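Peer 1: In our numbering, the protein residues as written are 227 to 421.
Ideal Cβ positions, reconstructed from N, Cα and C, are used throughout, including at glycine.
Quantities reported herein were computed from a predicted structural model and do not represent experimental measurements.
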Amino acid sequence: MSDFYDPRERDPSVSRRPQNRQSDEWIRELLLRGTIARVATLWQGEDGAAFPFITPLAYAYRPEQGDLVYHTNVVGRLRANAGQGHPATLEVSEIGQFLPSNSPLELSVQYRSVMVFGTARVLAGEDARAALTTLSERVFPGLKVGETTRPISEDDLKRTSVYSLSIDRWSGKENWAEQAIQEEDWPALGPEWLG
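If you want it as structure tokens, here you go:
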């Protein structure tokens, strides 16, 4: 089992379950309607020790630029990790109901998810301002920077790190079954479980 997965041999963006794979259009639509993502980055010490980190945050997908944008504090783990230039992974998901089963291995959950693989970089100047504007207006529909809020100032840009995660590849999966698989050789779950 230890040699089943090697990302140098098998693209991590290819799902093991073809029945759950989704199209590029489906992926674009989920990324456009989502607002919260989790970004996985890595910091590597001079001795080679690796320290992975996951950051949940608000994001905006910019299809015309082929990237996702987000922001964090000026200093911190995400900024330090991005500064090393390692690949990053971003995950967006929608979760539905938990699905009970009479088999412990078939307990399930309804989900839709996208994994984005790329490299994050810190934006500056007008690139940072444009990304922060897109992020603000996407997360808060109807809000207009410079109208509903004051414009983004130079001081604002000095107080935050704005990132662009360029999309190298992605994958989308969906499992939105109405019910989990039930074993036939064990008593069925009652209606109080299956709703």
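Using DSSP's beta-bridge definition, name the partner residues of residue 383.
Peer 2: Residue 383 pairs with nothing; no bridge assigned.
Peer 1: Note down the Cα distance separating residue 301 from residue 387, rounded to an integer number of angstroms.
Peer 2: If I take the Cα positions, the gap works out to 8 Å.
Peer 1: Taking residue 391 and residue 346 to be in contact with their CB atoms under 8 Å, please state how far apart those CB atoms are, rounded to whole angstroms.
Peer 2: Contact holds; Cβ gap of about 5 Å.
Peer 1: Looking only at C-alpha atoms, which of 310, 366 and 245 sits nearest to residue 270?
Peer 2: Of the listed residues, the one whose Cα sits closest to residue 270 is 310.
Peer 1: From the DSSP output, read off the bridge partner residues of residue 436.
Peer 2: It is not possible to answer for residue 436, since the shown part of the chain is limited to 227 through 421.
Peer 1: Nearest-angstrom Cα distance between residue 363 and residue 273?
Peer 2: One C-alpha to the other measures close to 42 Å.
Peer 1: Could you pull out every residue in the same chain whose Cβ sits closer than 7 Å to the Cβ of residue 425, ignoring the five residues on either side in sequence?
Peer 2: Absent from the structure is residue 425, since the part of the chain shown begins at 227 and ends at 421.
Peer 1: Of the residues 338, 380, 330 and 402, which one's Cα is nearest the Cα of residue 414?
Peer 2: Residue 414 has its Cα closest to that of 330, out of 338, 380, 330 and 402.
Peer 1: Relative to the C-alpha of residue 288, which candidate in 404, 418, 353 and 420 has its C-alpha closest?
Peer 2: For residue 288, the nearest C-alpha among the options comes from 353.
Peer 1: What is the rounded straight-line gap between the Cα of residue 315 and the Cα of residue 232?
Peer 2: For residue 315 and residue 232, the distance between alpha carbons rounds to 16 Å.
Peer 1: Could you give the distance in angstroms between the alpha-carbon of residue 369 and the alpha-carbon of residue 384?
Peer 2: Their Cα atoms are separated by approximately 22 Å.
Peer 1: Out of 400, 291, 285 and 324, state which residue places its alpha-carbon closest to the alpha-carbon of residue 394.
Peer 2: Here the closest residue by C-alpha is 291.
Peer 1: Going straight from the alpha carbon of residue 282 to that of residue 342, what length do you get?
Peer 2: When rounded, the distance between both Cα atoms is 14 Å.
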